[in-house]
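Number of protein chains: 2
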Amino acid sequence: MAEQDDGLDERKQQILKAVIDTYLATGEPVGSRTISKYTDLKLSSATIRNEMADLEDMGYVIAPHTSAGRIPTDKGYRFYVDRMMQIMKENSDQIEKKQKDLDKREKELDDMRKFISSKVDKVDDLLENVARLLAKDTNYASMISTPSVKGNKLKFIQLTKLGSGKILLVIVMDGNLIRSKVVEVSEDITQEQILKLNLLLNTTLNGLTLEQMNLALLSGLESKAGQEHGQIIREVMQALIESIQNADHLQIYTSGATNIFKYPELSDSTTASELISTLEEKKGLTSLIKSEKDSSAEDGITVYIGDETPVESMKDCSVVTATYELHDGMKGTIGIIGPRRMDYQKVVETLKTIRTQLDDIFKKS
Amino acid sequence: MAEQDDGLDERKQQILKAVIDTYLATGEPVGSRTISKYTDLKLSSATIRNEMADLEDMGYVIAPHTSAGRIPTDKGYRFYVDRMMQIMKENSDQIEKKQKDLDKREKELDDMRKFISSKVDKVDDLLENVARLLAKDTNYASMISTPSVKGNKLKFIQLTKLGSGKILLVIVMDGNLIRSKVVEVSEDITQEQILKLNLLLNTTLNGLTLEQMNLALLSGLESKAGQEHGQIIREVMQALIESIQNADHLQIYTSGATNIFKYPELSDSTTASELISTLEEKKGLTSLIKSEKDSSAEDGITVYIGDETPVESMKDCSVVTATYELHDGMKGTIGIIGPRRMDYQKVVETLKTIRTQLDDIFKKS
DNA sequence: GTTAGCACTCGATACGTACGAGTGCTAATT
DNA sequence: AATTAGCACTCGTACGTATCGAGTGCTAAC
Chain A
55 MAEQDDGLDE RKQQILKAVI DTYLATGEPV GSRTISKYTD LKLSSATIRN
105 EMADLEDMGY VIAPHTSAGR IPTDKGYRFY VDRMMQIMKE NSDQIEKKQK
155 DLDKREKELD DMRKFISSKV DKVDDLLENV ARLLAKDTNY ASMISTPSVK
205 GNKLKFIQLT KLGSGKILLV IVMDGNLIRS KVVEVSEDIT QEQILKLNLL
255 LNTTLNGLTL EQMNLALLSG LESKAGQEHG QIIREVMQAL IESIQNADHL
305 QIYTSGATNI FKYPELSDST TASELISTLE EKKGLTSLIK SEKDSSAEDG
355 ITVYIGDETP VESMKDCSVV TATYELHDGM KGTIGIIGPR RMDYQKVVET
405 LKTIRTQLDD IFKKS
Chain B
55 MAEQDDGLDE RKQQILKAVI DTYLATGEPV GSRTISKYTD LKLSSATIRN
105 EMADLEDMGY VIAPHTSAGR IPTDKGYRFY VDRMMQIMKE NSDQIEKKQK
155 DLDKREKELD DMRKFISSKV DKVDDLLENV ARLLAKDTNY ASMISTPSVK
205 GNKLKFIQLT KLGSGKILLV IVMDGNLIRS KVVEVSEDIT QEQILKLNLL
255 LNTTLNGLTL EQMNLALLSG LESKAGQEHG QIIREVMQAL IESIQNADHL
305 QIYTSGATNI FKYPELSDST TASELISTLE EKKGLTSLIK SEKDSSAEDG
355 ITVYIGDETP VESMKDCSVV TATYELHDGM KGTIGIIGPR RMDYQKVVET
405 LKTIRTQLDD IFKKS
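Which chain is which? The protein sequence lines are A and B, in order. Here this note's numbering is used: the first residue of the first sequence is 55, the next is one more, and so on. Here this note's numbering is used: the first residue of the second sequence is 55, the next is one more, and so on.
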């Protein structure tokens, strides 16, 4: 019965786990008698009561009122999750999935493959669908961000004269991401000017990432081109710069916001309203998106419990996020938003699976 | 005191209007005494009571329980709205807006102009913003659909060789709508083949609407091109056909879903959940989008009250829709979803204003 | 160290009462 | 004949009280 690092002996840990497990399942405060029967450790309710009193003193559980069972505190959840993650990591090699789950996942994978092959060019639709899938599968709310394309290499730029004063600007990046725009210029541009400009742009910029095309380089290019071709060129370049800067437009898709009504503790009118609002507006979600190097969680999965979340309106929720990678450094974020008493195990597993699938998909294309 | 067409004499109409007006304002059943004081018609509560009893018999109002005031029925609302719309139409010429409103609207208009001029190419963003504006302004939920582009004329098609086996396809339509896609072909295509194909496509298709580019024409073109250029061409054409058919992808933006929590009668957990779900999923909203010629409402404004709505989950709501026009025949739909007791007058006016602004904006571009 | 037993707490539920807004009806008034 | 005053009645809401039971903390026994 050695004391653990957290000051919880083995038995306390088991009891805490039992409390959390049953609370996750039922959503109601769990009493000593329940634990006494539920667990395989042969202990009477009285003993459990004593241990639970200790756990309460240590801040892992709390009793909503005197004569109720205990529910986990954030600290309790945190301990539970950390332990779970550690165990998952240790077992990650010898994970042998249950066949049932495998079949289900395989079906989902198929669905996605089918979908993606039908509309390869529509990354947006894909992500939206993934969000939907996630929400449906987990019964929580989901979000997914478009991967950053800042690190994406430019493949091809093309200017085409459209009509008088109008130029079509098309940018193609690695992974076949396309951005296009019609640029209005004040004076007419000749066919030769366009051809020259095309050549200049492609030779100078080809293979560079959007990041590398910093303002200095571009405006240097602008003045260089300007010397040769005058005012109109400057306008085109200006539009190009804008386009490139806008190309990285971060977008977030959400789904299953109404799933939160499945959890009474979140169904309260104002809580729900705020929550759904943030999911609808999307702006508030950016703080959930992983920064470049999130060294703390090397596997890219982060769990925020209750107050830990950076999003104000999610104080009563837990949030699990994972990152997926397009290729080197181009990360997107997937997130699940649910009640504190979410099925962390399942969510983490699901996120891992989906992440892998996304990685595969993007690697292929 | 002549009997009106609806069997409601002038006084009953006034009382009905008074009931609805105050109910719209307060959201609570209104009693006879309130009316007696509120209106300018000098009548005692007893008289009002008698009249209200009549109105109840005729089905215009209903008492939620014996000792409560009356609330309007759908029939009552319908009468009210019809009358309002008629009056608005009659007065449409001599509408002199209150300066306050004008200022406010003008500010909104400015906001939109500013926004639109900054990102002319992003129709999507514009519409999303309009939805947001509407929701914020009215305190109801809003939706807006992208205008159909089936009637849009093709301005320009361009194929460009990207790399081995990859061709960039760009379609530019009237109003500078751009669709682009990367097409993968099994064999390489030569530069000359591409040039020829470009010429063929532009000469044949230029100026046609997407509608006119029916399958027959395109597949005719396909076989014609195919004779000259072989298998690869067929693949390109196939992609083109797909692109054109997908170009008209109807999209719906919604905003302010959480506004419904401002109305207790909709805040019930399941009602709200269903409602927000439909707004989130968007699919169910297509039935609100106006068909080609909705002759019944010549001004393009339609009011659905309660059960009248075609959307199942909105049985407890009222929905007001308006159409805006890009140009001939290219219509989009704007909609407001709120409680039965919505401020119909304000909503209709707001929709009319926004519609006009949208029309202006699209005519200009 | 564990457990049985017991008094105690407190939320949930049910029920009774008081209150008041609003009605319908009748009789008086204009 | 239409309007109004008056009054008994209805019913939802608020509130206080009683009961119940799940679960606790504590003490004493094992």
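From the three backbone atoms N, C-alpha and C, an ideal C-beta is built for every residue, glycine too. None of the values given here were measured: they were computed from a predicted structure.
- [ ] Using alpha carbons as the reference points, say which of 114(B), 200(B), 247(B) lies closest to residue 307(B).
- [x] Locating residue 307(B) in the second sequence gives position 253, where the first residue counts as 1. When only C-alpha atoms are compared, the closest one is 200(B).
Open item on the list: Please report the distance separating the alpha-carbon of residue 178(A) from that of residue 330(A).
Closed with: Sequence index remark: in the first sequence, residue 178(A) carries index 124 (1-based). Sequence index remark: in the first sequence, residue 330(A) carries index 276 (1-based). Their Cα atoms are separated by approximately 21 Å.
Open item on the list: Taking 8 Å as the limit between beta carbons, can you name the residues of its chain near residue 267(A), skipping five residues before and five after?
Closed with: Numbered from 1 along the first sequence, position 213 holds the residue referred to as residue 267(A). So the list reads 208, 259, 298, once near-sequence residues are dropped.
Open item on the list: Quick check: the Cα distance between residue 264(B) and residue 363(B), rounded to an integer number of angstroms?
Closed with: Numbered from 1 along the second sequence, position 210 holds the residue referred to as residue 264(B). Numbered from 1 along the second sequence, position 309 holds the residue referred to as residue 363(B). Taking the straight line joining both Cα atoms gives about 32 Å.
TODO: Closer than 7 Å, Cβ to Cβ, to anything on chain B: give me those residues from the stretch 220-249 of chain A, in chain order.
DONE: Residues of the stretch 220-249 of chain A with a C-beta atom less than 7 Å from some C-beta of chain B are 222, 224, 226, 230, 232, 234, 235, 236, listed in chain order.
- [ ] Determine, using beta carbons only, whether residue 81(B) comes closer than 9 Å to chain A.
- [x] Looking up residue 81(B) in the second sequence gives position 27. No, residue 81(B) lies away from the interface with chain A (no Cβ there is under 9 Å from its Cβ).
Task: Cβ-based contacts, 7 Å cut-off: residues of the stretch 325-336 of chain A near chain B - done: Per Cβ criterion, the list reads 327, 330, 331, 334.
TODO: Check each candidate in 412(A), 395(A), 401(A), 328(A) and name the one with the smallest Cα separation from residue 130(A).
DONE: Counting from 1 along the first sequence, the entry for residue 130(A) is found at position 76. Closest in C-alpha terms to residue 130(A), from the list 412(A), 395(A), 401(A), 328(A), comes 395(A).
TODO: Out of 118(A), 397(A), 378(A), 78(A), point me to the one whose CA is closest to residue 197(A)'s CA.
DONE: The sequence position of residue 197(A) within the first sequence is 143, counting from 1. Residue 197(A) has its Cα closest to that of 378(A), out of 118(A), 397(A), 378(A), 78(A).
Task: Residue range of the unbroken alpha helix (DSSP H) whose run includes residue 297(A) - done: Here residue 297(A) refers to the residue found at position 243 when the first sequence is read from its first residue. Counting along the chain, the alpha helix (DSSP H) containing residue 297(A) begins and ends at 285-301.
TODO: Ignore the nearest five residues each way along the sequence and tell me which others in residue 97(B)'s own chain have a CB closer than 7 Å to its CB.
DONE: As a first step, residue 97(B) is located in the second sequence; it is residue number 43 there, counting from the start. Around residue 97(B): 90.
Task: Residues that residue 315(B) contacts on chain A, provided the C-beta gap is smaller than 7 Å - done: Here the question's residue 315(B) lines up with position 261 in the second sequence. Per Cβ cutoff of 7 Å: 323, 327.
Task: Residue burial classification, residue 122(A) (beta-carbon count within 10 angstroms, cutoff 16) - done: As a first step, residue 122(A) is located in the first sequence; it is residue number 68 there, counting from the start. The residue in question, residue 122(A), is exposed, as its Cβ has fewer than 16 Cβ neighbours within 10 Å.
Task: Start and end residues, alpha helix (DSSP H) containing residue 245(A) - done: Numbered from 1 along the first sequence, position 191 holds the residue referred to as residue 245(A). Residues 245-259.
Open item on the list: Checking the sheet assignment: what are the DSSP bridge partners for residue 210(A)?
Closed with: Within the first sequence, the letter at position 156 stands for residue 210(A). Per DSSP, the beta bridge partners of residue 210(A) are 226(A).
TODO: Note down, in chain order, every chain B residue with its Cβ under 8 Å from the Cβ of residue 209(A).
DONE: Mapped onto the first sequence, residue 209(A) falls at position 155. Contact note: residue 209(A) reaches chain B through 216, 217, using a C-beta cutoff of 8 Å and chain order.
Task: Distance between beta carbons of residue 355(B) and residue 402(B), contact taken as under 8 Å - done: Reading the second sequence from its first residue, position 348 is the one you call residue 402(B). Reading the second sequence from its first residue, position 301 is the one you call residue 355(B). Residue 355(B) and residue 402(B) do touch by the CB rule: their CB atoms are close to 6 Å apart, below 8 Å.
Task: Neighbouring residues, chain B, relative to residue 212(A) (Cβ below 7 Å) - done: Position 158 of the first sequence, counted from the first residue, corresponds to residue 212(A). Residues of chain B with a Cβ closer than 7 Å to the Cβ of residue 212(A) are, in chain order, 214.
Task: residue 378(A) - containing beta strand (DSSP E), residue span - done: The residue you call residue 378(A) lines up with position 324 of the first sequence. Looking at the DSSP string, the run of the beta strand (DSSP E) that includes residue 378(A) is 371-379.
Task: Three-state secondary structure (DSSP) of residue 195(B) - done: Within the second sequence, residue 195(B) is the residue found at index 141, counting from 1. Three-state DSSP puts residue 195(B) in a strand.
TODO: Note down the Cα distance separating residue 92(B) from residue 316(B), rounded to an integer number of angstroms.
DONE: Position 38 of the second sequence, counted from the first residue, corresponds to residue 92(B). Position 262 of the second sequence, counted from the first residue, corresponds to residue 316(B). For the pair residue 92(B) and residue 316(B), the Cα-to-Cα distance works out to about 25 Å.
- [ ] May I ask you to verify whether the stretch 67-76 of chain A touches the stretch 94-108 of chain A, counting CB pairs closer than 8 Å and requiring at least 3?
- [x] When C-beta atoms of the stretch 67-76 of chain A are compared with those of the stretch 94-108 of chain A, three or more pairs fall below 8 Å, so the two segments count as touching.
TODO: Give me the Cα-Cα distance between residue 285(A) and residue 292(A), rounded to the nearest whole angstrom.
DONE: Here the question's residue 285(A) lines up with position 231 in the first sequence. Here the question's residue 292(A) lines up with position 238 in the first sequence. Here the C-alpha atom of residue 285(A) lies approximately 11 Å from the C-alpha atom of residue 292(A).
Open item on the list: Distance check for residue 202(A) and residue 212(A), CA to CA, integer angstroms please.
Closed with: On the first sequence, position 158 is the one that residue 212(A) refers to. On the first sequence, position 148 is the one that residue 202(A) refers to. Rounded to whole angstroms, the gap between the alpha carbons of residue 212(A) and residue 202(A) is 22 Å.
Open item on the list: Rounding to the nearest angstrom, what Cα-Cα distance links residue 225(B) and residue 262(B) in this structure?
Closed with: Counting from 1 along the second sequence, the entry for residue 225(B) is found at position 171. Counting from 1 along the second sequence, the entry for residue 262(B) is found at position 208. Distance between the alpha carbons of residue 225(B) and residue 262(B): 12 Å.
- [ ] Alpha carbon to alpha carbon, how far is residue 309(B) from residue 132(A)? Give it in angstroms, no decimals.
- [x] If you number the first sequence from 1, residue 132(A) lands on position 78. If you number the second sequence from 1, residue 309(B) lands on position 255. Distance from the CA atom of residue 132(A) to the CA atom of residue 309(B), rounded to whole angstroms, is 35 Å.
- [ ] For residue 318(B), count neighbouring Cβ atoms within 10 angstroms of its own Cβ and tell me buried if that reaches 16, exposed if not.
- [x] Here residue 318(B) corresponds to residue number 264 of the second sequence, with the count starting at 1. The C-beta of residue 318(B) has fewer than 16 other C-beta atoms within 10 Å across all chains shown, which makes the residue exposed.
TODO: Answer yes or no: does any C-beta atom of chain B fall closer than 9 Å to that of residue 263(A)?
DONE: For the purposes of this step, residue 263(A) is taken as residue 209 along the first sequence, with counting starting at 1. At least 9 Å separates the CB of residue 263(A) from every CB of chain B.
Task: Euclidean distance between Cα positions of residue 172(A) and residue 183(A) - done: In the first sequence, counting from the first residue as 1, residue 172(A) sits at position 118. In the first sequence, counting from the first residue as 1, residue 183(A) sits at position 129. In this prediction, residue 172(A) has a pLDDT of 49, which is less than 50 and means its spatial position is unreliable; what the coordinates show is noted afterwards. Cα-Cα distance, rounded: 13 Å.
Open item on the list: Within the continuous alpha helix (DSSP H) that includes residue 102(B), where are the two ends?
Closed with: For this step, residue 102(B) is matched to residue 48 along the second sequence. Secondary structure note for residue 102(B): its alpha helix (DSSP H) is the uninterrupted segment 99-112.
Open item on the list: As an exercise, report each continuous beta strand (DSSP E) stretch of at least 3 residues that is fully enclosed by the stretch 315-371 of chain B, in chain order.
Closed with: Here the runs fully enclosed are 356-359.
Open item on the list: Would residue 199(A) pass as an interface residue toward chain B - the criterion being a Cβ-Cβ separation below 9 Å?
Closed with: One-based indexing of the first sequence puts residue 199(A) at position 145. Proximity of residue 199(A) to chain B, defined by a Cβ-Cβ separation below 9 Å, is not satisfied.
Open item on the list: Can you pull the chain A neighbours of residue 312(B), defined as C-beta to C-beta under 7 Å?
Closed with: Locating residue 312(B) in the second sequence gives position 258, where the first residue counts as 1. Ordered by position in chain A, the residues that pass the 7 Å Cβ test against residue 312(B) are 327, 330, 331, 334.
Task: Through-space distance from residue 229(A) to residue 271(B), alpha-carbon basis - done: Taking the first residue of the second sequence as 1, we reach residue 271(B) at position 217. Taking the first residue of the first sequence as 1, we reach residue 229(A) at position 175. The alpha-carbon atoms of residue 271(B) and residue 229(A) are separated by roughly 32 Å.
TODO: Please say whether residue 74(A) and residue 126(A) have beta carbons closer to each other than 9 Å?
DONE: Looking up residue 126(A) in the first sequence gives position 72. Looking up residue 74(A) in the first sequence gives position 20. Cβ distance < 9 Å, so residue 126(A) and residue 74(A) count as in contact.
Open item on the list: Quick check: is the beta carbon of residue 309(A) nearer than 9 Å to any beta carbon in chain B?
Closed with: The residue given as residue 309(A) occupies position 255 in the first sequence. True, the Cβ-Cβ gap to chain B drops below 9 Å.
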